[in-house]
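Peer 1: Quick one: this structure, given as structure tokens, is what I'll be asking you about.
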Amino acid sequence: MTSKNEDPGSSQTTSTPANDTMSSKTGARRLPPPEKSEAIQTRFKVIAAFWAVIIFLGFPIWWKTTSIYRARLPIQDMVEWADGKTCRPVFPLEIHFETPSLPESEAHHLLRTTQHTLDDLNEFSAHHLRLKLSEENSVAIHEDILEQPQPALGGKADTALVVRLLPQEDLAAPRSELHPDTTRLDVYYPPSQIPPPSASNPPLSAYIAGELQNLFTEEKAIIAQVLSDNNVGGAITPTSSSSNNQQQPSAILNSISPQLAESITRRLRRSMKYAETYHLAFSLFTPGSEPSSWDVKTAVEEYISPLLQAFAPISNFTVDTQVQLYATSAPTAPLPVYDETQAAWTLKKEDLSAFINAAEWPLSPSIGSGPTINFILYVPAPSQSPMVVKESSATSWIIPQWGGVFLLNHPLSTADHSSNPPHLSQEALRPAFLTFSHQLLTLLGAPATPASLPFRLQTLIRIRAATLLLSASSTMGSLARLTESLPSIPIPANVATSVSTTLSHLASTCEHLREGRFQAALADARVAETEAERSFFEKSMVGQVYFPDEHKVAVYLPLLGPVGVPLIVGLLKEVKRIVTGLKAKKQQT
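The sequence shown: position 563 = 563 (UniProt numbering), numbered continuously.
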């Protein structure tokens, strides 16, 4: 009875230990068995092997195969050349005096007084004239326009001009004459004007100095313009007492006449950029079927080839010709309008730019590596002949930095009213090719004065030498800034070689200019410009400019992500296990 009346809670109490035992057994069955030490070591070795392969084999191979080679460049020297700190161009022109009728003492005195007068007149010390008394038969006068002096490779300076003093009894005042086919200036003077030894500023010296200044006025202005455009000041000579403002190119530009300044600016804007080789393309265009042939070969040999040979020290030339029949004008080009006052079909000046039908006329913009200069001989249809420019009645014009155009109008007395002649003879081509020769001089940057072509070519040699020196120096500065601003682009060994060659030839050019060896300076400047352009436009460098780091991430991430995540997670787990084991050992101790 007593057992029946016991509290039910006592039975609950007696069953609790059995339930706890069952729960602990269930939990023990759910826990994974402890890892064996051999399994832990195997996993560690596998992970360590993977990372060892990545660190000691994969990473070095990747680094070697993807690293960018950057050759060392003389950055500081390149920047100094670009800033004009290494070289400031100077142009000491050597002028030889020939005095066959004067005693040596009088000739030396005339030379000294003329030199002093020139120095007083000169305000641009970067360009100065040095007078030198010539020995008998020591100066070669080039009588033929085809004969050009060879580059002075040694220490001898080029002769810019030969002044020959010739007495003449019937003269009241001195006069001068520059030979059109040579670089010789003949000065005729009355014998009474020979300066006595005591004279400090004789009239003859002042006259000669004034003539020399006038001859080189345009050259000084062009050089000053070139230096000013490149932010290069005139070089200050150690003995100069003039102010800095008088030595700057801007002072020379401000002192010349507005007409000359405008002419120089227009000529520089029209002229082509210097190139080692130019391609001349002479094209005959006509809107009908005639003329279909022309004596272009003989015309080129007669009127153009002598000029090209004279330019040989400066540039090389190739010549191409073509004939295009049924060459119609562009649909959008304004048609010529007949002007009764001029009795001719006229083209407005503002419409000349649309005269060339570039869409249909086969005018190649470039043949080979050098620029192309196009010369267009256009024979108008008989129904639109004669054709002239309305404002000036001219039959030719220049397209800046492109070429020239000539309108060949045949007289009606020698041509049929209904058609043009089928063939153009050399005599018929004479006015066109004489015009083309003048246009070629303008497009190549030759000065307009004086009349002597060899003299103008010598001036062009000095201008081109200065232009190339400044252009190559500027390219070196651009390359230095490019390599510093983009550290990811490669710098091949050939770029470093080209830079070294450029700097070497720039130094030689500057030295030749200081010594008055202008043809040698031009030869070195041409090499410097070529090497500078080659180094700056290296293909491997240009390609890497357009491959930023974001592209590399986009390439590597899809490849390394799936492989790298398991390796990194496994490495973190092993590190965590090792750290936990070390902590447990510390607590036990």
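All residues carry an ideal CB built from backbone N, CA and C; glycine is no exception.
Remember, predicted model here, so these are calculated numbers, not experimental data.
Nearest CA to the CA of Leu171: which residue from Thr183, Leu178, Ala528, Val187?
Peer 2: As a position in the sequence shown, residue 171 is number 171, starting the count at 1. If we check each option's Cα against that of Leu171, Val187 comes out closest.
Peer 1: What is the residue span of the alpha helix (DSSP H) that Thr117 lies within?
Peer 2: As a position in the sequence shown, residue 117 is number 117, starting the count at 1. Unbroken alpha helix (DSSP H) run through Thr117: 104 to 121.
Peer 1: When DSSP builds the beta bridges, which residues end up paired with Gly403?
Peer 2: Here residue 403 corresponds to residue number 403 of the sequence shown, with the count starting at 1. Asn374, Ile399.
Peer 1: Quick one: grab the DSSP three-state call for Lys586.
Peer 2: One-based indexing of the sequence shown puts residue 586 at position 586. Lys586: helix per DSSP, three-state reduction.
Peer 1: According to DSSP, which residues form a beta bridge with Asn316?
Peer 2: By one-based count along the sequence shown, residue 316 stands at place 316. Per DSSP, Thr277.
Peer 1: Going along the chain, which residues of its own chain have a beta-carbon closer than 6 Å to the beta-carbon of Ile256, five neighbours each way excluded?
Peer 2: For this step, residue 256 is matched to residue 256 along the sequence shown. Hits under 6 Å: Ala221.
Peer 1: With a Cβ-Cβ cutoff of 8 Å, do Phe97 and Leu129 count as a contact?
Peer 2: Residue mapping note: residue 97 aligns to position 97 of the sequence shown, counting from 1. Residue mapping note: residue 129 aligns to position 129 of the sequence shown, counting from 1. Going by C-beta atoms, Phe97 is not nearer than 8 Å to Leu129.
Peer 1: Going by beta carbon distance, what residues of the same chain come within less than 6 Å of Thr99, once the five residues before and after it are set aside?
Peer 2: In the sequence shown, the residue the question calls residue 99 occupies position 99. These residues qualify, in order along the chain: Ala107, Leu165.
Peer 1: Thinking Thr328 and Val337 are a contact (beta carbons under 8 Å), I'd like their distance in whole angstroms, please.
Peer 2: For the purposes of this step, residue 328 is taken as the residue at position 328 of the sequence shown. For the purposes of this step, residue 337 is taken as the residue at position 337 of the sequence shown. No, Thr328 and Val337 are not in contact; Cβ-Cβ is about 18 Å, not under 8 Å.
Peer 1: On the DSSP letters alone, give me the boundaries of the beta strand (DSSP E) that His179 sits inside.
Peer 2: Start at 1 with the first residue of the sequence shown, and residue 179 comes out as number 179. Unbroken run through His179: none, as it is neither H nor E.
Peer 1: Could you compute how far the alpha carbon of Ser283 sits from the alpha carbon of Ser263?
Peer 2: The count along the sequence shown starts at 1 and reaches residue 283 at position 283. The count along the sequence shown starts at 1 and reaches residue 263 at position 263. So the alpha carbons of these two residues sit roughly 29 Å apart.
Peer 1: Ordered along the chain, which non-local residues of its own chain (more than five positions away) have a Cβ less than 6 Å from that of Gln150?
Peer 2: Here residue 150 refers to the residue found at position 150 of the sequence shown. Low per-residue confidence applies at Gln150: pLDDT is 45, beneath 50, and the placement is therefore not dependable, though the value from the model is reported in the following sentence. Nothing listed; no residue qualifies.
Peer 1: Pairing CB atoms from the segment 423 to 443 with CB atoms from the segment 48 to 67, are three or more of them under 8 Å?
Peer 2: The segment 423 to 443 is not in contact with the segment 48 to 67.
Peer 1: Which residue marks the beginning of the alpha helix (DSSP H) containing Trp81, and which one marks its end?
Peer 2: Position 81 of the sequence shown, counting from 1, holds the residue named residue 81. Per DSSP, Trp81 belongs to the alpha helix (DSSP H) from 75 to 82.
Peer 1: Just to confirm my understanding: we take Thr467, look at its own chain, exclude 5 residues before and 5 after, and list those with CB closer than 7 Å. What are they?
Peer 2: Sequence index remark: in the sequence shown, residue 467 carries index 467 (1-based). Same-chain partners within the cutoff: Val226, Tyr274.
Peer 1: Let me know the secondary structure DSSP gives Ser383 once reduced to three states.
Peer 2: Within the sequence shown, the letter at position 383 stands for residue 383. Residue state, collapsed to three classes: helix.
Peer 1: Taking only three categories from DSSP, how would you classify Val569?
Peer 2: For the purposes of this step, residue 569 is identified with residue 569 of the sequence shown, where counting begins at 1. Val569 falls in the helix class under three-state DSSP.
Peer 1: Go ahead and pull the three-state DSSP assignment for Ser393.
Peer 2: Here residue 393 is taken as the residue at index 393 of the sequence shown, counted from 1. The answer is coil: DSSP assigns Ser393 none of H, G, I, E or B.
Peer 1: Taking the beta carbon of Gln259 as the centre, do at least 16 other beta carbons fall within 10 Å, making it buried, or is it exposed?
Peer 2: Taking the sequence shown and counting its residues from 1, one reaches residue 259 at position 259. With fewer than 16 Cβ atoms within 10 Å of its Cβ, Gln259 is classed as exposed.
Peer 1: Residue range of the beta strand (DSSP E) that Asp295 falls in?
Peer 2: Locating residue 295 in the sequence shown gives position 295, where the first residue counts as 1. Note, Asp295: premise wrong, no beta strand (DSSP E); not H, not E.
Peer 1: Label Val563 either buried or exposed according to how many other C-beta atoms from any shown protein chain fall within 10 Å of its C-beta, with 16 as the threshold for buried.
Peer 2: One-based indexing of the sequence shown puts residue 563 at position 563. With fewer than 16 other Cβ atoms within 10 Å, it is exposed.
Peer 1: Apart from the five residues just before and just after Cys510, which ones in its own chain have a Cβ nearer than 6 Å to its Cβ?
Peer 2: Numbered from its first residue, the sequence shown carries residue 510 at position 510. Counting only Cβ-Cβ distances below 6 Å, and skipping sequence neighbours, we find Cys87.
Peer 1: DSSP puts Gln519 in a beta bridge; with which residues?
Peer 2: What you label residue 519 is simply residue 519 of the sequence shown in a count that begins at 1. Its beta-bridge partners do not exist; DSSP assigns none.
Peer 1: Return the Cβ separation of Thr114 and Leu93 in integer angstroms, given the expectation that the two are a contact with Cβ distance under 8 Å.
Peer 2: Sequence index remark: in the sequence shown, residue 114 carries index 114 (1-based). Sequence index remark: in the sequence shown, residue 93 carries index 93 (1-based). Not quite, the Cβ-Cβ distance comes to about 14 Å (not below 8 Å), so this is no contact.
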